[in-house]
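Novice:
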Amino acid sequence: MATVDTAPAGPHAPPAPRAPSGSTGLPAQPRSAPRVEHPHVGVPEQPPASAAQTLIGSVQRAMRLLETVAGHEHGAPAKQLARETGIALPTAYHLLRTLVHEGYLHRDRGLFFLGEAAERLSSSGAAQKRRSTVVDSLAQWRDLIGVPVYYAMYRDGEIEVVCVSDTPGNPAVQEWADFRETGHAHAIGQCLLSQLDESARRDHLARYPVRSITPYTARDDHTMLRRLERMPRMQPVTERQEYALGTVCAAVPITVGTMAATMALSLPAHQADRLLPAARQLQCEVGRRVGSLALAISI
93 MATVDTAPAG PHAPPAPRAP SGSTGLPAQP RSAPRVEHPH VGVPEQPPAS
143 AAQTLIGSVQ RAMRLLETVA GHEHGAPAKQ LARETGIALP TAYHLLRTLV
193 HEGYLHRDRG LFFLGEAAER LSSSGAAQKR RSTVVDSLAQ WRDLIGVPVY
243 YAMYRDGEIE VVCVSDTPGN PAVQEWADFR ETGHAHAIGQ CLLSQLDESA
293 RRDHLARYPV RSITPYTARD DHTMLRRLER MPRMQPVTER QEYALGTVCA
343 AVPITVGTMA ATMALSLPAH QADRLLPAAR QLQCEVGRRV GSLALAISI
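Numbered as in my numbering, the sequence shown ends at 391 without a single skipped number.
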């Protein structure tokens, strides 16, 4: 279950085409006859092929077989599938063998089931739908608050910025220093690291040691670890020009099971007075939708 704190944020932020018809004149009449002028006649276009002429029957039949197999949780024999789809049995056998060969079906004791290839298509479609949910949410918050919005997560020991939603008028922070290697310097990274246990934090900093990239960045691992320890659990994290000069950022922590994630925003430094109100508004919006986002944010 995803959770998000709705407490107010404290001070700090991150990195921040009509083609003319051809025409022909009619030949002139014989000299003895009066000349008759005819208007140019356009060359008629070929009628487009009907939809039925462009369809491939074998593909249609194969799709019907796949759909029918999907409706049989415990599998179905070829004869039943042929009968339910209205496909001649010899043709059904041929298509079923092909689908098995390509991995879209598998056969066990005379019964046909969906294969791994079909399952991959299904899971890919589901993942795209979940990603679309996140992208749409970020775009709504971007327009509502008037800031670039980021979604990031900590996966397999790495900081991963999954989605960014911005506009020409409110551009996102350019990644001038690798986000994965500079988690200590931006609000996204600090927010994700604050959700990890001490061992995981130390492991991350051992692989990506603290280094100063602006005059405001933490100076060493010890300083960063102390800061992470003092961060209130599940509270927004802010940083000011630690990753990019002229940029302030805030990140809202989200936890889905054991996965650490965050929604974040950035602003130019001259709008620093908007940072905390914007962070509180983002936190509130995420809190309202976190239930519906619980599955989607695991993309």
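From the three backbone atoms N, C-alpha and C, an ideal C-beta is built for every residue, glycine too.
I need the straight-line Cα distance from ALA279 to VAL340, nearest angstrom please.
Specialist: The sequence position of residue 279 within the sequence shown is 187, counting from 1. The sequence position of residue 340 within the sequence shown is 248, counting from 1. So the two alpha carbons sit approximately 9 Å from each other.
Novice: List, from N- to C-terminal side, the alpha helix (DSSP H) runs of 4 residues or more that fit wholly inside the stretch 144 to 188.
Specialist: Complete alpha helix (DSSP H) runs here, min 4: 149 to 162, 170 to 177.
Novice: Classify ARG311 as helix, strand or coil using the three-state DSSP reduction.
Specialist: Residue mapping note: residue 311 aligns to position 219 of the sequence shown, counting from 1. Coil at ARG311, not helix or strand.
Novice: By a C-beta neighbour count over all protein chains shown, 10 Å radius and 16 as the cutoff for buried, is MET355 buried or exposed?
Specialist: Translated into the one-based positions of the sequence shown, residue 355 becomes position 263. Answer is buried; the Cβ neighbour count reaches 16.
Novice: Keeping to the same chain, check which residues put their C-beta closer than 6 Å to that of HIS104; ignore five residues upstream and five downstream.
Specialist: Position 12 of the sequence shown, counted from the first residue, corresponds to residue 104. Confidence in HIS104 is poor, its pLDDT being 45 and thus under 50, which makes the residue's placement too unreliable to answer from.
Novice: Measure how close the beta-carbons of VAL253 and TYR242 come, nearest whole angstrom, since I'm counting them as under 8 Å.
Specialist: Start at 1 with the first residue of the sequence shown, and residue 253 comes out as number 161. Start at 1 with the first residue of the sequence shown, and residue 242 comes out as number 150. The pair is a contact, with the Cβ atoms about 6 Å apart (cut-off 8 Å).
Novice: Where does LEU357 land, buried or exposed, given buried means 16+ other C-beta within 10 angstroms?
Specialist: Translated into the one-based positions of the sequence shown, residue 357 becomes position 265. So LEU357 counts as buried.
Novice: What do you get for LEU236, buried or exposed, if any count of 16 or more other CB atoms within 10 angstroms of its CB means buried?
Specialist: Along the sequence shown, one-based indexing puts residue 236 at 144. Classification of LEU236: exposed, given that the 10 Å Cβ count is below 16.
Novice: So is MET155 buried or exposed if we call it buried at 16+ other beta carbons inside 10 Å?
Specialist: On the sequence shown, position 63 is the one that residue 155 refers to. By the 10 Å Cβ count, MET155 comes out exposed.
Novice: Might you give, ordered along the chain, the residues of its own chain that have their beta carbon closer than 7 Å to the beta carbon of ALA310, omitting 5 neighbours on each side?
Specialist: As a working mapping, residue 310 is identified with position 218 in the sequence shown. Same-chain partners within the cutoff: HIS276, VAL302, MET316, ARG319.
Novice: For the stretch 207 to 258, list the alpha helix (DSSP H) runs that are entirely contained and at least 4 residues long, ordered along the chain.
Specialist: With a minimum length of 4 residues, the continuous alpha helix (DSSP H) runs that stay inside the stretch 207 to 258 are 208 to 237.
Novice: Can you tell me whether DSSP reads SER304 as helix, strand or coil?
Specialist: In the sequence shown, counting from the first residue as 1, residue 304 sits at position 212. Three-state DSSP puts SER304 in coil, outside helix and strand.
Novice: So, using beta-carbon positions, are ALA352 and GLN287 closer together than 8 Å?
Specialist: Translated into the one-based positions of the sequence shown, residue 352 becomes position 260. Translated into the one-based positions of the sequence shown, residue 287 becomes position 195. Cβ distance < 8 Å, so ALA352 and GLN287 count as in contact.
Novice: How big is the Cα-Cα spacing for GLY178 and ILE346?
Specialist: Reading the sequence shown from its first residue, position 86 is the one you call residue 178. Reading the sequence shown from its first residue, position 254 is the one you call residue 346. Taking the straight line joining both Cα atoms gives about 51 Å.
Novice: How is GLU290 classed by DSSP in three states: helix, strand or coil?
Specialist: As a position in the sequence shown, residue 290 is number 198, starting the count at 1. Note: GLU290 maps to helix in three-state DSSP.
Novice: Excluding the five sequence neighbours on either side, which residues of its own chain have a C-beta within less than 7 Å of the C-beta of TYR308, listed in chain order?
Specialist: Looking up residue 308 in the sequence shown gives position 216. Taken in chain order, the residues that qualify are ARG332, GLN333, GLU334.
Novice: For ARG175 and SER224, what's the separation of their Cα atoms in angstroms?
Specialist: As a first step, residue 175 is located in the sequence shown; it is residue number 83 there, counting from the start. As a first step, residue 224 is located in the sequence shown; it is residue number 132 there, counting from the start. Between ARG175 and SER224, the C-alpha separation is close to 38 Å.
Novice: Could you round the C-beta distance between CYS255 and LEU230 to whole angstroms and report it? I think they count as a contact, below 8 Å.
Specialist: Residue mapping note: residue 255 aligns to position 163 of the sequence shown, counting from 1. Residue mapping note: residue 230 aligns to position 138 of the sequence shown, counting from 1. At roughly 6 Å, the Cβ-Cβ gap stays under 8 Å, so CYS255 and LEU230 are in contact.
Novice: Relative to the C-alpha of PRO263, which residue among LEU359, GLN363, ARG380 is closest?
Specialist: Start at 1 with the first residue of the sequence shown, and residue 263 comes out as number 171. Residue LEU359 is the option with its Cα nearest to PRO263.
Novice: Among all the DSSP beta bridges, which residues are the ones paired with GLU331?
Specialist: The residue labelled residue 331 in the question sits at position 239 within the sequence shown. The partner list for GLU331 (beta bridge, DSSP) reads CYS341.
Novice: Do you know offhand how far THR274's Cα is from GLY249's?
Specialist: On the sequence shown, position 182 is the one that residue 274 refers to. On the sequence shown, position 157 is the one that residue 249 refers to. Cα-Cα distance, rounded: 14 Å.
Novice: At the level of alpha carbons, what is the spacing between MET93 and ARG381?
Specialist: Within the sequence shown, residue 93 is the residue found at index 1, counting from 1. Within the sequence shown, residue 381 is the residue found at index 289, counting from 1. Unreliable placement is indicated for MET93, whose pLDDT of 43 sits below 50; no coordinate value is reported for it.
Novice: Out of GLY202, LEU297, SER304, state which residue places its alpha-carbon closest to the alpha-carbon of ALA170.
Specialist: Sequence index remark: in the sequence shown, residue 170 carries index 78 (1-based). If we check each option's Cα against that of ALA170, GLY202 comes out closest.
Novice: Between PHE271 and ALA364, what straight-line distance do the alpha-carbon atoms span, to the nearest angstrom?
Specialist: In the sequence shown, counting from the first residue as 1, residue 271 sits at position 179. In the sequence shown, counting from the first residue as 1, residue 364 sits at position 272. Each residue's alpha carbon lies about 22 Å from the other.
Novice: Which of the three DSSP states, helix, strand or coil, is assigned to ARG201?
Specialist: As a first step, residue 201 is located in the sequence shown; it is residue number 109 there, counting from the start. ARG201 falls in the coil class under three-state DSSP.
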